[in-house]
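Please read the structure below before turning to the comments.
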Amino acid sequence: MTEAASERRVLLADVPHLTAEELVRCFDDDFRNLVTVSIADATRRLTRPVR
């Protein structure tokens, strides 16, 4: 993993504050971001527009 990708790592606490467009860009950076957002979705941490 490159340093740039590690900087784009999404934390569970960050997910509710990101827009859908920002999240999609993060998915491209690192697959683990998709997993983090999936967990946020399962625990109802996503905002309605992103869901």
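Numbering (our numbering), first residue to last: 211 to 261.
Beta carbons are placed, not taken as given, at the ideal position from N, Cα and C, and that holds for glycine.
Cβ-Cβ distance between residue i and residue j below 8 Å
{"i": "V260", "j": "A230", "result": "yes"}
{"i": "V225", "j": "A252", "result": "no"}
Nearest neighbour of residue i, chosen from the options [CA to CA]
{"i": "L256", "options": "H227, E232, R242 and D240", "result": "H227"}
{"i": "R235", "options": "I249, R218 and R258", "result": "R218"}
Simplified DSSP state of residue i, which is helix, strand or coil
{"i": "V234", "result": "helix"}
{"i": "A252", "result": "helix"}
{"i": "T229", "result": "coil"}
{"i": "T257", "result": "coil"}
{"i": "V220", "result": "coil"}
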